[in-house]
Amino acid sequence: MKKYTNTGNKDTRSGFGAGLQELGNENENVVALCADLTGSLKMNAFADEHPERFFQVGIAEANMMGIAAGMTIGGKIPFTGTFANFSTGRVYDQIRQSIAYSGKNVKICASHAGLTLGEDGATHQILEDIGLMKMLPHMVVINPCDYNQTKAATKAIAAYEGPVYLRFGRPSVANFTPADGAGFTIGKADVLTEGSDVTIVATGHLVWEAIQAAEALEAQGISAEVINMHTIKPLDEAAILASVGKTGCVVTAEEHNRHGGLGESVAQVLTTNHPTPQEFVAVNDSFGESGKPAQLMEKYGLNAAAIEAAAKKVMGRK
Amino acid sequence: MSAQDLQAVVSQVRRDIVRMVHAVNSGHPGGSLGCTEFLVALYFEQMNHNAKSFSMDGVGEDLFFLSNGHISPVIYSVLARAGYFPVEELATFRKINTRLQGHPTTHDNLPGIRIASGSLGQGMSVAIGAAEAKKLNKDNSIVYTLHGDGELQEGQIWEAAMYASAKKVDNLICTVDVNEKQIDGSTDEVLAMGSLRAKFEAFGWHVLSIEQGNDLNAILATLAEAKAATGQGKPICILMHTEMGNGVDFMMGTHKWHGVAPNDEQLASALAQNAETLGDY
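Those protein sequences? They're chains A and B, same order as listed.
Numbered continuously in the numbering used here, the first sequence closes out at residue 435.
Numbered continuously in the numbering used here, the second sequence closes out at residue 314.
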């Protein structure tokens with residue numbers, strides 16, 4: 118099994134900040150908007166270097182989404198920044214009408230997604246955002262797995278014409294994808310390890326956990342194929358079907374409600390094309406709560422151990 | 034354009050509005066008729082715009098955003114009469130496969146429409162974004178909006194109003210159609226909003242009023258005054274007092290024609306009150 122090395126824990130939100138900073142220097146049409154969370158979103162560098170293109174809108178996310186939509190009229194490429202909850206649920210109708218239905222080239226960049234926000238608790242830990250965003254026609258939904266990939270994704274979405282939801286998080290996690298972003302293409306799944314017994318399709322923070330699970334399974338003689346599904350929409354159906362064609366079963370893993378998430382999208386592909394046993398590593402129709410990120414991920418069954426157990430279970434259903 | 038010519042356009046647009054909603058027995062004639070003079074003044078006199086070669090970005094042009102999208106009949110008619118698309122297309126309003134959706138949309142690439150609207154309260158934010166983009170592009174054109182007064186009950190309007198003054202978005206002229214009516218009754222009955230002038234002034238806007246909001250000369254004079262007030266550090270609000278259903282006697286003085294189409298007899302009466310000046314579609 119191919120080995121991956123953690124080059125040092127980093128937060129994915131800093132990957133966003135670094136990517137945005139580079140974009141600011143490379144593309145004068147890139148503008149950034151923030152709803153009073155500049156530091157949390159790591160947008161300070163862009164704001165400091167390009168104050169004329171940084172728009173502090175205050176605690177008014179609905180207005181921020183509308184302004185972003187309007188800025189595209191005139192050729193700007195707006196990146197909005199706030200927490201995932203306030204980037205989606207709070208402003209769903211603004212995104213739906215002024216951005217998605219209107220086909221505006223807005224990049225909705227959302228930090229602190231999922232349980233790993235930690236101590237702030239359920240009001241801030243959205244576990245429904247992937248579902249909300251993937252239901253909007255033509256919305257691209259991306260959940261990169263580490264710092265390097267978040268930086269690469271940030272830069273890639275600027276070059277893509279159309280609305281995008283980019284989801285990332287707060288905690289420092291393993292950074293293991295190439296520093297130059299090689300291998301990241303919107304809509305193209307990244308097969309991290311090749312295997313023959315079980316497919317693990319993971320997104321976001323769960324990708325590193327999936328690699329850990331695959332290593333544990335390998336030690337037990339089980340060959341797992343790990344796919345980093347950073348783009349949830351459009352979903353790389355060919356990669357999923359090719360993999361389950363070899364393995365005959367699949368585990369999906371995500372820091373999200375099992376309703377509306379990556380697993381549901383994968384299940385739709387499989388039931389339509391190649392009915393396959395599937396287990397879901399996801400939050401089971403629940404809100405989150407306060408606690409340390411690792412504690413929460415364990416309590417809600419979102420870690421390597423949970424993926425390993427799900428893999429064994431689904432193999433038994435073949 | 035002379036006052037007489039503008040009035041002729043108004044008459045034709047009123048005919049278009051009632052014919053469009055009658056043809057599909059749906060749509061919103063009341064607010065459309067109330068804002069006919071304003072939109073004719075805007076598109077046929079006030080704005081610098083290019084109807085013949087529409088571009089989404091509108092660089093170097095004044096832009097207009099209709100925030101209260103339900104009065105789509107009037108904007109469709111005015112856009113068609115101004116030359117954005119063939120007037121014959123007005124016959125497709127609200128019909129299957131039309132570009133003239135019940136509420137305006139960019140989805141079908143209808144020239145003249147730059148944002149979808151219908152869900153209320155969003156247009157001021159969008160206009161601010163477009164105005165900020167114009168400033169970045171060093172484009173001295175002006176961004177205009179139209180809102181219903183009932184629409185001001187949406188919270189996003191006040192987020193946008195706060196931003197526009199705080200950030201000195203002074204290339205923006207927002208007009209409120211103060212007809213004092215909404216679906217369930219008068220605005221005072223549904224949710225009284227107090228003094229709109231005091232509210233916008235408290236939010237830091239330069240506020241103008243048009244007491245006779247269906248008088249072309251009054252509208253033109255105030256629009257000119259508003260334009261002269263741009264570039265001075267404040268967004269501009271025009272409180273335009275209109276008569277809902279103006280120009281069709283049985284639709285005036287009531288909120289009941291907000292979203293109701295006339296029957297055959299009522300259509301005949303409405304058309305008899307408004308001369309065919311430019312040719313029906």
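Positions of the beta carbon are idealized from the N, C-alpha and C atoms, including for glycine.
Since the structure is predicted, the reported quantities are computational estimates derived from the model, not experimental observations.
Under 8 Å between C-beta atoms, does S86 of chain B make it to chain A? Residue 86 of chain B sits at position 53 when you count from the first residue of the second sequence. For S86 of chain B, the answer is no, since every Cβ of chain A falls outside 8 Å of its Cβ.
Along the alpha helix (DSSP H) that carries E342 of chain A, what are the first and last residues, could you check? As a position in the first sequence, residue 342 of chain A is number 225, starting the count at 1. No alpha helix (DSSP H) holds E342 of chain A; the beta strand (DSSP E) holding it covers 341 to 345.
Per DSSP, the bridge partner or partners of S219 of chain B: In the second sequence, the residue the question calls residue 219 of chain B occupies position 186. Looking at the DSSP assignment, S219 of chain B forms a beta bridge with B:K214.
Determine the extent of the alpha helix (DSSP H) in which A160 of chain B is found, giving its start and end residues. Here residue 160 of chain B corresponds to residue number 127 of the second sequence, with the count starting at 1. Element bounds for A160 of chain B: 156 to 169.
Amino acids of chain A, ordered along the chain, whose beta-carbon sits closer than 7 Å to that of I148 of chain B: In the second sequence, residue 148 of chain B corresponds to position 115, counting from 1. In chain order: A186, S215, S219.
Under the three-state reduction of DSSP, which class applies to T310 of chain A: helix, strand or coil? Counted from its first residue, the first sequence places residue 310 of chain A at position 193. Correct three-state label for T310 of chain A: strand.
At a cut-off of 7 Å, would you count N401 of chain A as near the ligand ATP, judging by its Cβ distance to the nearest heavy atom? In the structure shown, the ligand ATP is absent, as is every other ligand, since no ligand is present at all.
Between N180 of chain A and chain B, is any beta-carbon pair separated by less than 8 Å? Numbered from 1 along the first sequence, position 63 holds the residue referred to as residue 180 of chain A. Cβ-Cβ to chain B under 8 Å: yes for N180 of chain A.
Chain-ordered residues of the stretch 201 to 214 of chain A with a beta carbon less than 7 Å from chain B: D210, Q211, Q214
Reference G418 of chain A; option with closest CA among A:E381, A:I274, A:A355, A:T233: Against the first sequence, residue 418 of chain A aligns to sequence position 301. Of A:E381, A:I274, A:A355, A:T233, the residue nearest in Cα terms is A:T233.
Of all the CB atoms in chain C, is at least one closer than 8 Å to the CB of T139 of chain B? As a matter of chain content, chain C is missing from the structure shown, whose protein chains are A and B.
Terminal residues of the continuous beta strand (DSSP E) containing Y282 of chain A? Working through the first sequence from its first residue, we reach residue 282 of chain A at position 165. 281 to 284 is the span of the beta strand (DSSP E), which, as asked, contains Y282 of chain A.
Who are K224 of chain A's beta bridge partners in DSSP? Within the first sequence, residue 224 of chain A is the residue found at index 107, counting from 1. In the DSSP output, where bridge partners are listed per residue, K224 of chain A has A:F196, A:V281.
is_contact[N307 of chain B, chain A] using C-beta, thresh 8 Å: Position 274 of the second sequence, counted from the first residue, corresponds to residue 307 of chain B. By this cut-off, N307 of chain B is not an interface position.
Integer Cβ distance of F301 of chain A from A273 of chain A, believed to fall under 8 Å: The sequence position of residue 301 of chain A within the first sequence is 184, counting from 1. The sequence position of residue 273 of chain A within the first sequence is 156, counting from 1. Yes, they are in contact, since the Cβ atoms of F301 of chain A and A273 of chain A sit about 6 Å apart, within 8 Å.
What residues from chain B crowd round V174 of chain A, counting only those whose CB sits closer than 7 Å? For the purposes of this step, residue 174 of chain A is taken as residue 57 along the first sequence, with counting starting at 1. Near V174 of chain A (Cβ distances below 7 Å), the residues of chain B are Y196.
If I follow the unbroken beta strand (DSSP E) through N374 of chain A, where does it start and stop? Sequence index remark: in the first sequence, residue 374 of chain A carries index 257 (1-based). Note, N374 of chain A: beta strand (DSSP E), 367 to 374.
Determine the chain A residues that contact I161 of chain B at a beta-carbon separation under 7 Å, and present them in chain order. For the purposes of this step, residue 161 of chain B is taken as residue 128 along the second sequence, with counting starting at 1. By Cβ distance, chain A contributes I184, G187.
Check whether the stretch 88 to 95 of chain B and the stretch 117 to 132 of chain B touch, using three or more Cβ-Cβ pairs below 8 Å as the test. no
Can you confirm whether E165 of chain B, when its beta carbon is compared against all beta carbons of chain A, has any partner nearer than 8 Å? Here residue 165 of chain B is taken as the residue at index 132 of the second sequence, counted from 1. Yes - at least one Cβ of chain A is within 8 Å of the one on E165 of chain B.
The alpha helix (DSSP H) that contains K260 of chain B, what's its start and end? Position 227 of the second sequence, counting from 1, holds the residue named residue 260 of chain B. Element bounds for K260 of chain B: 249 to 261.
List the residues of chain B whose Cβ lies closer than 7 Å to the Cβ of I339 of chain A, in chain order. Within the first sequence, residue 339 of chain A is the residue found at index 222, counting from 1. What I339 of chain A touches in chain B: nothing, since even the nearest Cβ is about 49 Å away.
Using DSSP with H/G/I as helix, E/B as strand and the rest coil, what is K350 of chain A? As a working note, residue 350 of chain A is residue 233 in the first sequence. Residue state, collapsed to three classes: strand.
Q155 of chain B, buried or exposed, once every other Cβ within 10 Å from all chains shown has been counted against 16: Against the second sequence, residue 155 of chain B aligns to sequence position 122. So Q155 of chain B ends up on the buried side.
Burial state of I216 of chain B (16 or more Cβ within 10 Å): Here residue 216 of chain B corresponds to residue number 183 of the second sequence, with the count starting at 1. Under this definition I216 of chain B is an exposed residue.
Please report the distance separating the alpha-carbon of A294 of chain B from that of S59 of chain B. Working through the second sequence from its first residue, we reach residue 294 of chain B at position 261. Working through the second sequence from its first residue, we reach residue 59 of chain B at position 26. So the two alpha carbons sit approximately 5 Å from each other.
For a contact defined as C-beta to C-beta under 8 Å, what are the partners of V209 of chain B on chain A? Position 176 of the second sequence, counted from the start, is the residue given in the question as residue 209 of chain B. Those within 8 Å of V209 of chain B in chain A number zero; the least Cβ separation is about 17 Å.
Name the one or two DSSP bridge partners that Y177 of chain B has. Taking the second sequence and counting its residues from 1, one reaches residue 177 of chain B at position 144. In DSSP, Y177 of chain B forms a bridge with B:F97, B:I206.
Check whether chain A comes within 8 Å of N170 of chain B, counting only Cβ atoms and requiring the distance to be less than that. As a position in the second sequence, residue 170 of chain B is number 137, starting the count at 1. It does; some Cβ of chain A falls within 8 Å.
So is T261 of chain B buried or exposed if we call it buried at 16+ other beta carbons inside 10 Å? One-based indexing of the second sequence puts residue 261 of chain B at position 228. Residue 261 of chain B is actually Ala in this sequence, not Thr. Result: exposed.
Cα separation between L387 of chain A and Q395 of chain A? As a position in the first sequence, residue 387 of chain A is number 270, starting the count at 1. As a position in the first sequence, residue 395 of chain A is number 278, starting the count at 1. L387 of chain A and Q395 of chain A: Cα-Cα distance of roughly 9 Å.
Rounded distance between the beta-carbons of V367 of chain A and T316 of chain A, thought under 8 Å: As a working note, residue 316 of chain A is residue 199 in the first sequence. As a working note, residue 367 of chain A is residue 250 in the first sequence. Yes, they are in contact, since the Cβ atoms of T316 of chain A and V367 of chain A sit about 4 Å apart, within 8 Å.
Delimiting residues of the beta strand (DSSP E) encompassing M273 of chain B: Translated into the one-based positions of the second sequence, residue 273 of chain B becomes position 240. Residues 269 to 274.
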